[in-house]
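Residue numbers (the working numbering), protein chains in the order written: chain A, 7 to 301; chain B, 7 to 301.
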């Protein structure tokens, strides 16, 4: 395991512990709901978004407690979106992170409600004074998360993805869709680290540029995995887009073209980090990780 | 139309206008999502929860803009919960407020996403500096809403409702379920008016007691309507609980017993308002309205 991977694992463990403490215990007649929330949020995930919150904030010497709670809130949003996306009326997936999806392990109604509850919990976590002393910082973290996750962010991207299933897609549409569907939350991760770390404007812009390029590279890499990944390693069904006749970066660019695009975006992403000099070495490594995952 | 009903109509219109401005316009490739959000949120509703926010805040001379935006956020939560509750995997309802439910007018995936987007929008609205100058007030409004709407509030209540479908229910379970499922948001409406109006502790307690009794009375009255209402007046399917073999306040107490319980709760609710003297006359009227609706 490389140094970088060790750090990624450490952050993932911390976030899982934080989520375990933040999600209400399974008690009362509604205990089934908490069990489903825990099933969705505590399964092993790479926790890439939380990782970016923590590593970005660390560059500015920000409080780890603030970063960890914000990372946990962001992960609640990510996990809720997976639960809803996996529903039969959406992507209809049976497995996620190597275990049954929530509607398979429980039922559809519970999956809808567990997603709703995780989404709501994200904002409760950020609103708490435990997350940051300054209510102005908390409210900014909330406003930006709502933007990233809402109708003009992640949910909007998911809507485009659903609508486009029956119509042909070109590179522009897919790029836009992915920028909303997965890019918005990745951008939020970097932005949140900058907010908590009181980054200067030039630094915030650099982080935004980095997130933009990295987010797209991440998604193209995901499409490459989908096209040629091994189900047992990836932990979920693969070749779904091709089987469903859906266009994606790989079907439009070919595997080699997609790989080239990832390399280009990776180089661009790294350039944005120059402003941070040596402090950015973990973020620099994260780009290579995205490029080559999973090992 | 009584004075009270006129006021209720005025507030409902204001809230609809506010929601029309706050929900993003239907544009871009994700326009379908905004159309579904608008279908769900702009249909004629009684807007009882917004009404309580505005009338409570008005007792304290609070800013109408702050109250109206908070009321709109609360209504987003209420509307999202209706969209998700109407889904085939939940209550499977085809009509709501006299029009097709979102999954009927659009499709199930769009209904899931429109609900998610309305839920997210509620927090975006509250986080904005337009809602209140003081970020500490905004963050408190957000934290309390997340409590009222989350796993130990509305969504928890809905989970109990789903789980209890197959098992017999007694009065205690139903009372607890309703306190979470519908009571929590009604309590929030009164609490939010008090927060924005900087109510003193004794006043906040009185509002909480009032909300508690009124919320339960409201739900029992709903069960009475369900048992003997006219579908064309109520605007949604009636006799659903009886048809589904579900216990509710009417099946457990009988119509007369339920009516008596409503009268008792209404009297209790009014007593809580004594502290506010004449200023509470609109809230006093609202109790009678709940008792006798629809006319």
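In this text, a Cβ means the ideal position worked out from N, Cα and C, and glycines have one as well.
Going by DSSP, which residues form a beta bridge with residue i?
i	result
residue 105 of chain B	B:102
Check residue i in the structure and name its three-state DSSP category.
i	result
residue 252 of chain A	coil
residue 35 of chain B	coil
residue 175 of chain A	coil
residue 130 of chain B	helix
residue 288 of chain B	helix
residue 157 of chain B	coil
residue 206 of chain B	coil
residue 46 of chain B	helix
residue 68 of chain A	coil
residue 7 of chain A	coil
residue 193 of chain A	helix
residue 138 of chain A	coil
residue 301 of chain A	Low confidence applies to residue 301 of chain A: its pLDDT is 36, below 50, so where it sits in the model is not reliable, and the reading given next is rough at best. It is coil, neither helix nor strand.
residue 58 of chain B	helix
residue 144 of chain B	helix
residue 232 of chain B	helix
residue 92 of chain A	coil
residue 53 of chain B	coil
residue 29 of chain B	coil
residue 112 of chain B	coil
residue 19 of chain A	helix
residue 375 of chain B	Outside the displayed span of chain B (7 to 301) sits residue 375 of chain B, for which this structure offers no information.
residue 97 of chain A	coil
With a CB to CB cut of under 8 Å and the five nearest residues on each side skipped, what residues in its chain are close to residue i?
i	result
residue 119 of chain A	39, 42
residue 214 of chain B	193, 196, 197
residue 7 of chain A	15
residue 132 of chain B	75, 76, 79, 144, 147, 148, 151
residue 114 of chain A	93, 94
residue 129 of chain A	79, 148, 151, 152
residue 208 of chain A	281
residue 290 of chain B	276, 279
Please go through the same chain and pick out, in chain order, the residues whose beta-carbon is closer than 6 Å to the beta-carbon of residue i, but skip the five residues on each side of it.
i	result
residue 24 of chain A	74, 78
residue 138 of chain A	72, 144
residue 301 of chain A	With a pLDDT of 36 at residue 301 of chain A, under the threshold of 50, the modelled position of that residue is not reliable, and no figure is offered here.
residue 258 of chain B	177
residue 124 of chain A	43, 82, 85, 86
residue 253 of chain A	175
residue 288 of chain B	61
residue 203 of chain B	63, 66, 68
residue 9 of chain B	none
residue 13 of chain A	none
residue 36 of chain A	none
residue 155 of chain A	83
Between which residues of its own chain and residue i is the CB-CB distance below 7 Å, once the five residues before and five after are set aside?
i	result
residue 179 of chain A	170
residue 272 of chain B	223, 293, 297
Report whether the distance from the Cβ of residue i to the nearest heavy atom of the ligand HEM is below 8 Å.
i	result
residue 11 of chain B	Among the components of this structure there are no ligands whatsoever, and the ligand HEM is therefore not found.
The stretch 22-39 of chain A: positions lying closer than 7 Å to chain B by Cβ: 30, 35, 36, 38, 39
Cβ contact (3+ pairs, closer than 8 Å) linking the stretch 82-97 of chain B and the stretch 59-73 of chain A: no
Where the stretch 148-162 of chain B meets chain A: residues whose CB sits under 9 Å from a CB there: 148, 149, 150, 151, 152, 153, 155, 156, 157, 158, 159, 160, 161, 162
Stretch pair the stretch 156-168 of chain B + the stretch 183-191 of chain B: three plus CB contacts closer than 8 Å: yes
Contact between the stretch 252-271 of chain B and the stretch 212-226 of chain B (3+ Cβ pairs under 8 Å): yes
Contacting positions in the stretch 74-87 of chain A - beta carbon closer than 7 Å to chain B: none
Cβ contact (3+ pairs, closer than 8 Å) linking the stretch 138-154 of chain A and the stretch 135-142 of chain B: yes
Near-chain B residues of the stretch 114-138 of chain A (beta-carbon distance less than 9 Å), N- to C-terminal order: 114, 115, 116, 117, 118, 119, 120, 121, 122, 123, 124, 125, 126, 127, 128, 129, 130, 131, 132, 133, 134, 135
Residues from the stretch 162-191 of chain A in contact with chain B, defined by Cβ distance under 8 Å: 162, 163, 164, 165, 166, 168, 169, 170, 179, 182, 183, 186
Short-range partners of chain A found in the stretch 92-104 of chain B, where Cβ spacing is below 8 Å: 93, 95, 96
Cβ pair count under 8 Å reaching 3, the stretch 198-213 of chain B against the stretch 280-287 of chain B: yes
Short-range partners of chain A found in the stretch 259-279 of chain B, where Cβ spacing is below 7 Å: none
Against chain B: residues of the stretch 38-67 of chain A by CB proximity under 8 Å: 38, 39, 40, 43
Contact set between the stretch 193-224 of chain B and chain A, restricted to residues whose Cβ is under 7 Å from the partner: none
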